[in-house]
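Worksheet for the structure shown next.
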Amino acid sequence: MAFTLPDFPAKTIATKTTTILQVPDNPKTLILEKCRTTRDLNQVHAHLIKTRLLHNPNVANPLLESAALLLPNPSINYALNIFRDLEKPDSAAYNAMIRGLTLKQSSNEAILFFRQMIEHLVKPDKFSFSSVLKACSRLKALMEGQQIHAQIFKCQWSCKHEELVNNALVYMYASCGEMVLARRVFDGMSERSTITWNSMFSGYVKSGFWEEVTRLFREMLDMEVQFDGVTLISVLTACRKLGDLELGQWIDDYVEVNGLMGNANLVTSLFDMYAKCGCVDAARRLFDRMPRKDVVAWSAMIAGYSQANRGKDALSLFHEMQKANVEPNEVTMVTVLSSCALLGALETGKWVHSYIKKKKWKLTVTLGTALVDFYAKCGCVDSAVEVFQEMPSTNVLSWTALIQGLASNGQGIRAMEYYSLMQQQNIAPNDVTFIGVLCACSHAGLVDQGWAFFTSMTRDFGFEPRIEHCGCMVDILGRAGRIEEAYNFIKSMTTKPNAVVWRTLLASCRFHKNVEIAEESLKQVVRLEPAHAGDYILLSNVYASVGRLEDALRVRSQMKEIGVKKSPGCSLIELDGVIHEFLAEDSLHPDLEDIYTAIDHIMKRIKLAGYVPNTAEGRLDAEEDGKEASISHHSEKLAIAFGLLKTTPGATIRISKNLRICTDCHNAAKLISTVFDRVLVIRDRNRFHHFVGGTCSCNDFW
DNA sequence: GTAGGGTTAG
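For what it's worth, UniProt numbering labels the leading residue of the first sequence as 1, then goes sequentially.
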């Protein structure tokens, strides 16, 4: 930093690491540099006292600034000492302190200094205002900010026209979420720089006013105002939230044409936008083009896969990241954990947990919630609860994850205990919490409680029931066998029922053998969503369950006529930390030959144990294929898993399914866990079923 | 002075 010095002896003071250098062509300018430790400052300070130069504000202020701004934390006290020694601190001295304190996250003290400055009748200048406003922005201290705004307004001198001051005002209001006030200052400015515009953008982004961001950007383009990379990053954030791929692509072209691809932050925003707009592969192509990828870029791409439900790609990218020697951080691990939760990849997630412990990372709310969710989705309820209890602080998301986790693992009662505990701790539930709570009621078979929560949600908390809540109610009533009531509930819904709601009812009809409402439900499902094989199978099974085999077969052939596509069933098997993915009719899988041998083996064992596929599905498959005992899709997957289990002694097998488990599958699992004397875990959507020696630990459904 | 990645539901 340079400063002017009236009468300083023309010589150089040198300490071990500090030099006050005299610039040869201007003997009055000295450069204070490399003042990086308190000791250095001490020596210079002492010298200035000795030479009586400290009384000269031109010398003292740069020293103060150096102490307040350059040095790490303890030196702020040192700066305070220098400040207190000043006979009559001027505005520059105050500014140095305010800036220094704001920089060191002591924004409260910065504002106090500003107050003191006013009390001592020291006239604030544009730097004072912009610094103290920055402190207000940090603290989101709207009231103080407005008081300062009033002072600026009262100023007789030109501060209120200073761009620096107005930028700080815009940014202060934007940080406080007061976008109307920010806009008012913005509109009143005669000159606006790119930074002014960017402050507006950052405010709209912070408040989540995504439409305003793109609107303002189009305004900027119309007015032909220069924008920069920072602008584009804000606009890209809005694009990804709005799913505005068109504008996003325009920015991509602009970045390409104007040679901005070197801006790594901008490129990260760009591919992140693509990923969140559903173009994960386009995102990956951009990501691959980045010459140097930092931890944010890696995490963003992993998150892109994870949020697109491509957990396997997410985890393999994480392994690549490790090979590239990029240290993961908390955000990386949160996304990795959510990928593990998607896949039911217990071993990998556990490794992440031990990594976190080894590195002694703080269990933040986000990290803890990700762990709770991961353990719960993998069926390890006790570990989920354990992590939850270790968390130093929790929020509504953590509680919701736990409640949902307990509910989906068949512990509905316990889930509701945690809901009341949550209320005792005065943590307000949100609408998602109620999905968990209603889910708990459905799994625990608590119809009256379910109704009570459904009513309370709107009456006591003001959440209008969303389609998901209604779906839960249908599930609660349907599972309890109150099919008519569920049907009437759907009819009375204010929101239009979707295919999921009708499908839920259809599944209940299957369980409780209600032909009439099943027929109506299928009609509605087909009307709302392009034909889905599972829906026809459900109806066919309803017919079969009441002995109307001809109708069952008719539905099956109807399926073929209409050409209903069977979505490829997909199973994921984790074997010693590696995820194996099997698609139905997957003939290219490397382990397939072994697997078929294993299936034969399994089938023999199954027959030996007297297992007869006793569901309509099993029978129909057999008839269709012209074989005596063909196995259903679900049993086949089980067989594959057990084939692997058999060839790898001691391995733990986990099967994750994206399909609802049928009774057939359940029985097979029971049987197989007995025959092989192993623990078996099956995932049915987000619920895990544990089989130990032929018994399933969650008997809420079966 | 302004800027990039994350957790709960279906």
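Backbone N, C-alpha and C define an ideal beta-carbon position, used for all residues, glycine too.
Buried versus exposed call for residue i [16 or more other C-beta atoms within 10 Å across all chains shown]
i	result
E144	buried
F153	exposed
D187	exposed
M273	buried
K323	exposed
M301	buried
S557	exposed
D313	buried
D475	buried
M223	exposed
S540	buried
V385	buried
residue 712	An answer regarding residue 712 cannot be provided, because it is not within the stretch 1 to 702 covered by the chain.
P89	buried
N42	exposed
H120	exposed
K50	exposed
R192	buried
N426	exposed
L286	buried
P392	exposed
Y418	buried
D253	exposed
Proximity below 8 Å, CB of residue i to CB of residue j
i	j	result
V372	V387	yes
G304	V280	yes
Q411	V381	yes
F453	P465	no
T504	G462	no
G311	L342	yes
L236	C277	no
L438	M416	no
residue 733	R482	The requested residue 733 does not occur in the structure, where the chain is confined to residues 1 to 702.
A370	A407	no
T102	K123	no
G208	S175	no
Y173	V185	yes
I118	V132	no
Y171	S199	yes
L518	R510	The question names Leu, yet the displayed sequence has Ala at residue 518. Cβ distance < 8 Å, so A518 and R510 count as in contact.
L266	V255	yes
L216	F201	yes
Which listed residue (the options) has its alpha carbon closest to that of residue i
i	options	result
A240	E109, S269, N265, E256	Note that residue 240 is Arg in the sequence shown, not Ala. Checking every option, the nearest Cα to that of R240 belongs to S269.
V334	V447, I356, T495, A141	I356
E109	C136, E520, V257	C136
V428	W399, L446, L406, L438	Just to set this straight, residue 428 is Ala in the shown sequence, not Val. Taking only the C-alpha atoms, the option nearest A428 is W399.
E485	K359, A499, N498, N514	N514
N329	D313, L346, Q307, L363	L363
V331	K358, V365, A174, A308	V365
S383	G349, A282, S393, E119	G349
I467	H532, G445, W351, W502	W502
G344	F374, L367, F127	F374
R138	R99, M189, I195	R99
G445	T394, A480, L142	A480
V326	F434, S299, S339	S299
N263	A282, L232, A275	L232
G368	K358, A401, S545, R289	A401
Boundaries (first-last residue) of the alpha helix (DSSP H) holding residue i
i	result
residue 716	Here the chain covers residues 1 to 702 and nothing more, so residue 716 does not appear.
H512	499-512
S354	346-358
N469	The identity of residue 469 in the sequence shown is His, whereas the question assumes Asn. H469 -> alpha helix (DSSP H) spans 467-479.
H149	142-154
W210	210-222
M301	295-307
S521	515-528
G379	Note, G379: premise wrong, no alpha helix (DSSP H); not H, not E.
K323	311-323
R284	280-289
F489	483-492
F201	194-207
- With a floor of 3 residues, list each beta strand (DSSP E) that falls wholly inside the stretch 111-136, ordered by position along the chain. With a minimum length of 3 residues, no continuous beta strand (DSSP E) run stays inside the stretch 111-136.
- Those runs of the alpha helix (DSSP H) which lie wholly inside the stretch 413-470 and span at least 4 residues: Taken in chain order, the unbroken stretches of alpha helix (DSSP H) that lie wholly in the stretch 413-470 and span 4 residues or more are 431-444, 447-461.
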